[in-house]
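Participant:
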Amino acid sequence: MTKLTTTCFVLALSLLSYACYAQKIKVKKLEKNVYVHISYKKMGNTNVPSNGLIVKTNKGVWIIDTAWDDDQTKQIIGWVKKNLKKPIQQVIITHAHDDRAGGIQAFLDEKIPVTSTQLTAKRTVKSGLPSPQPVLKKSQVIDCGNNNLEIFSPGWGHAPDNIVVYLTKQKVLFGGCFIKSTDTRKLGNTKDAHLKLWKKGLLKVQSKFKEVETVVPGHQDWGDGRLITHTMDLLDVSLHR
């Protein structure tokens, strides 16, 4: 076997290996002009899903949270270009963990603005990821044309910097990792959590967004407002152990 043939063979094996192990995102329609993007990360023998939102308006597309990594985030960008055919106007990062911010660089490479609160920007840099623009307030409404996104910081819960995002037109609440799916019986990663303040924050969210119809958690399946009370129940169990 010649040196060139050997090199080509090794390259082919490398590409095949990458194709076998590269994670593929999913995009599921939630409401008219609202989609959930789902990316995956291999943890042990489990493929852990992570949810974010894609929101189409007459002004363009808003994305809430990146995929786990740049490669899967590039797939999100490609999906938007192919299927929605509108420019991505802004990306909102809901806190500084890699399931929310791991693909920031992919958006920056496309000159797409990535935004967060000041605390999230600081924590993102500290974790070794590129910094979002620290322009989001703890409570504000973003005018997206024929839809609005309401940013709200409920205080320290899953992480000190977690925020939630409410779609006023569709009455959809994106809770990120602050809210847990009814599919799970555990709080998951609580390394940066404050369990006592978390429940207080959930009560704030419940009081503020009384008309919510759909709640999208950071991981696993979505549902209605019962996801908020389910998260409270999980916290009660953890606090009384």
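According to mature numbering (1 follows the signal peptide of the UniProt record, and there is no 0), the sequence shown holds residues -19 to -1, 1 to 222 in order.
From the three backbone atoms N, C-alpha and C, an ideal C-beta is built for every residue, glycine too.
1. Going by CA-CA distance only, name the one from 27, 88, 36 that's closest to residue 125.
2. Judging by CA-CA distance, which residue of 51, 194, 65 is the nearest neighbour of residue 90?
3. Looking at C-alpha atoms only, which residue of 60, 94, 195 is the closest neighbour of residue 151?
4. Looking only at DSSP bridge pairs, what is residue 42 linked to?
5. Is it right to say residue 121 is buried, meaning 16 or more other beta carbons lie within 10 angstroms of its own, or is it exposed?
6. Where do the ends of the beta strand (DSSP E) carrying residue 130 lie?
7. Out of 17, 100, 214, state which residue places its alpha-carbon closest to the alpha-carbon of residue 161.
8. According to the Cβ coordinates, are residue 41 and residue 68 closer than 8 angstroms?
9. When we look at the beta-carbon of residue 80 and count the other beta-carbons within 10 Å, is it buried (16 or more) or exposed?
10. With residue 140 and residue 78 assumed to form a contact (beta carbons below 8 angstroms), what rounded beta-carbon distance in angstroms separates them?
11. Please confirm if the region 8 to 22 is in contact with the region 52 to 68, defined as three or more CB-CB distances below 8 angstroms between the two stretches.
12. Can you give the Cα-Cα distance for residue -4 and residue 179, rounded to whole angstroms?
13. Using the Cβ count rule (16 or more neighbours within 10 Å means buried), how would you classify residue 211?
14. Residues bridged to residue 24 by DSSP?
15. Between which two residues does the beta strand (DSSP E) harbouring residue 274 extend?
Facilitator: To lay it out plainly:
1. For the residues 27, 88, 36, the minimum Cα distance to residue 125 belongs to 36.
2. 51
3. 195
4. 37, 69
5. Taking all protein chains in view, the Cβ of residue 121 is surrounded by fewer than 16 other Cβ atoms within 10 Å, so the residue is classified as exposed.
6. Residue range 129 to 133 is occupied by the beta strand (DSSP E) that includes residue 130.
7. 214
8. yes
9. Buried, by the Cβ-count rule.
10. 7 angstroms
11. yes
12. With a pLDDT of 40 at residue -4, under the threshold of 50, the modelled position of this residue cannot be trusted, and the question is left open.
13. With 16 or more neighbouring CB atoms inside 10 Å of its own CB, residue 211 falls in the buried class.
14. 27
15. Nothing can be reported for residue 274: it is not among the residues displayed for the chain, which extend from -19 to 222.
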